[in-house]
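Using my numbering, the first residue of the sequence shown is number 3, and each one after it goes up by one.
Scroll down for the structure; my scribbles are underneath it.
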Amino acid sequence: MSLTTQASAFRVERRLAIEGCQNSGLDPVRPASRFDIHLERNLDAFLDRLDSCKELAATAFQTPAWLKAWYRTLGTSLGDPLLVTVVDQKTRALVVALPLICRSEGSLRLIEFADYGVSDYNGPILGRCAPTQVGDARLLWRAIGSSLPRADLVRFTKMPIHVEYRPNPFAMLPRVHPSTLNGNVVRIDSGWPVYLQSLERTFRKELGRSWRVFEKNQGADFKCFTRPAEAAHMLGELERQQLTRMRKRGANYALDQPLLADFYRDLISTGVEDGSVVLTALTCGEELVSALFGVTEGRSYVMVRIASGTDKWSNCSPGRLIIVKTMEMLHARGFREFDFSIGNYPYKRRLGVQPRPLCDLLIARSLRGAQAVALDNLKRGFRNTVFGRLLGPRKRPGTSDNSEPFSGTGES
3 MSLTTQASAF
13 RVERRLAIEG
23 CQNSGLDPVR
33 PASRFDIHLE
43 RNLDAFLDRL
53 DSCKELAATA
63 FQTPAWLKAW
73 YRTLGTSLGD
83 PLLVTVVDQK
93 TRALVVALPL
103 ICRSEGSLRL
113 IEFADYGVSD
123 YNGPILGRCA
133 PTQVGDARLL
143 WRAIGSSLPR
153 ADLVRFTKMP
163 IHVEYRPNPF
173 AMLPRVHPST
183 LNGNVVRIDS
193 GWPVYLQSLE
203 RTFRKELGRS
213 WRVFEKNQGA
223 DFKCFTRPAE
233 AAHMLGELER
243 QQLTRMRKRG
253 ANYALDQPLL
263 ADFYRDLIST
273 GVEDGSVVLT
283 ALTCGEELVS
293 ALFGVTEGRS
303 YVMVRIASGT
313 DKWSNCSPGR
323 LIIVKTMEML
333 HARGFREFDF
343 SIGNYPYKRR
353 LGVQPRPLCD
363 LLIARSLRGA
373 QAVALDNLKR
383 GFRNTVFGRL
393 LGPRKRPGTS
403 DNSEPFSGTG
413 ES
């Protein structure tokens, strides 16, 4: 999706989100209401507050399972956890919760979401009293902003316009800009055969041929791992394949950093048992042909990491095949939304994805922060020029010149 198209899609979805709020059925924030802001560093206390709340909405990257693994590994090393809970002062109902971190980047002191390049989407955890009007969203941010610790810059990136089909109040703020990144989602409310039939005929035939070619190999199998020990071993194989492939292409590879490796191992240690992590693989005997690592939230599944083996398997397109077989399995289990995450690749379009715009919010809190915002605005302006469009959109963090993904699903 081009930068111009991304900006246009962002404006349309943001406008629809705002206009649709009046009929959303959600509790509005009363003009006279006030917010109680709770700041803490203890994740267990933060999650305990949320545990008693009903009708929460969050992306797959702000679930308790994801946050526990993130703060246990990355969060304790990168900076100071900053966990924000906002409740309505009168009703005591949850408004929003923000899993943040305060850390340094060069000379800048930042407040941002728990991310560090592993979260494809950043967003608030919405309570039923989350604002649905622009004015209320501004009041909420004013209350939160006045309670935050000292920092040069608040940097919220890769935020969806909606969180589980509910409006993201921070996407309504006036300083929001369209992100250069976008999500890619397929929703399948029909039967699986109907979805396959909706794909391009040639592509559909290629998928069938690829599976037949793979099945001809003795010991060929599709597996889903639910035991932590087996899953940990398979994750190690996935990491090894990714590293080999990236080095072969001369690309930078960040996921072998100890902190990041520890994060994924922590995530998988409990996730494959409770279903918050789905790890699938194509194997042939003891050989790993392709593996796919994804996370879930409700009936939604997000693809996070993928790896394919040696070139000898290229005749059956194992990366594409593992995606389709995983989708088929999860669809049979009741999943209806399949998120291919950020990164625009041809195979995603052929599988029928619809782009979902994302947005960024940068708010300066010091002169140094204002300079950073001004520089970001200059970069955005350049990307919207003819020269910027010729150079192409900004790559996802960690990608190489040949568009190999950092942690997403860029292989076909």
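No residue lacks a Cβ here, since even glycine has one placed at the ideal position from N, Cα and C.
Being a predicted model, the structure only gives us computed values, none of them experimental.
Unbroken alpha helix (DSSP H) run spanning residue i, endpoints
i           : result
residue 236 : 230 to 250
residue 384 : 369 to 385
residue 329 : 320 to 334
residue 200 : 194 to 200
residue 350 : 348 to 352
residue 188 : Residue 188 -> not in any alpha helix (DSSP H); beta strand (DSSP E) instead, spanning 178 to 189.
residue 301 : Note, residue 301: premise wrong, no alpha helix (DSSP H); not H, not E.
residue 51  : 45 to 53
Beta-carbon proximity list for residue i, same chain, < 7 Å, skipping 5 on both sides
i           : result
residue 64  : 101, 125 and 127
residue 424 : Outside the shown range of the chain (3 to 414) lies residue 424, about which nothing can therefore be said.
residue 27  : At residue 27 the pLDDT is 44, less than 50, meaning the model places this residue with poor confidence; the figure from the coordinates comes in the next sentence. There are no such residues.
residue 29  : Confidence at residue 29 is low in this model, with a pLDDT of 45, below 50, so its placement is unreliable and the value that follows should be read with caution. Cβ neighbours of residue 29 beyond the five flanking positions: 130 and 131.
residue 144 : none
residue 378 : 364
residue 2   : The structure shown does not extend to residue 2, since the chain is modelled only from 3 through 414, so no value can be given for it.
residue 367 : 153, 154, 155 and 156
residue 382 : 179
residue 225 : 282, 283 and 285
Three-state class that DSSP yields for residue i in the structure shown
i           : result
residue 63  : coil
residue 172 : helix
residue 342 : coil
residue 296 : strand
residue 140 : helix
residue 264 : helix
residue 271 : helix
residue 159 : strand
residue 79  : helix
residue 281 : strand
residue 254 : coil
residue 290 : strand
residue 69  : helix
Distance CB(residue i)-CB(residue j) smaller than 9 Å
i           : j           : result
residue 363 : residue 61  : no
residue 106 : residue 72  : no
residue 290 : residue 321 : no
residue 188 : residue 341 : yes
residue 83  : residue 45  : yes
residue 67  : residue 240 : no
residue 286 : residue 220 : yes
residue 374 : residue 155 : yes
residue 360 : residue 325 : no
residue 116 : residue 58  : no
residue 79  : residue 261 : yes
residue 281 : residue 237 : yes
residue 440 : residue 298 : Here the chain covers residues 3 to 414 and nothing more, so residue 440 does not appear.
residue 296 : residue 246 : no
residue 2   : residue 267 : The displayed coordinates of the chain run from 3 to 414. Any statement about residue 2 would go beyond what the structure contains.
residue 151 : residue 41  : yes
First through last residue of the beta strand (DSSP E) which encompasses residue i
i           : result
residue 208 : No beta strand (DSSP E) contains residue 208, which is instead part of the alpha helix (DSSP H) from 203 to 217.
residue 41  : 37 to 42
residue 363 : 356 to 366
residue 223 : 222 to 227
Nonlocal neighbours in the same chain, by C-beta distance under 6 Å from residue i, ignoring five residues either side
i           : result
residue 88  : 37, 39, 97 and 98
residue 216 : 222 and 318
residue 337 : 301 and 303
residue 69  : 101
residue 43  : 83
residue 350 : 186 and 342
Own chain, CB closer than 8 Å to residue i, minus 5 neighbours either side, in chain order
i           : result
residue 323 : 209, 212, 213, 216, 284 and 292
residue 110 : 154, 155, 370, 371 and 374
residue 415 : With the chain represented from 3 up to 414, any question about residue 415 goes unanswered, as that position is not in the structure.
Residue i CB to nearest heavy atom of the ligand HEM below 8 Å
i           : result
residue 281 : The ligand HEM is not part of this structure, which contains no ligands at all.
| Which full runs of the alpha helix (DSSP H) of 4+ residues lie inside the segment 90 to 155, going along the chain? | 136 to 147
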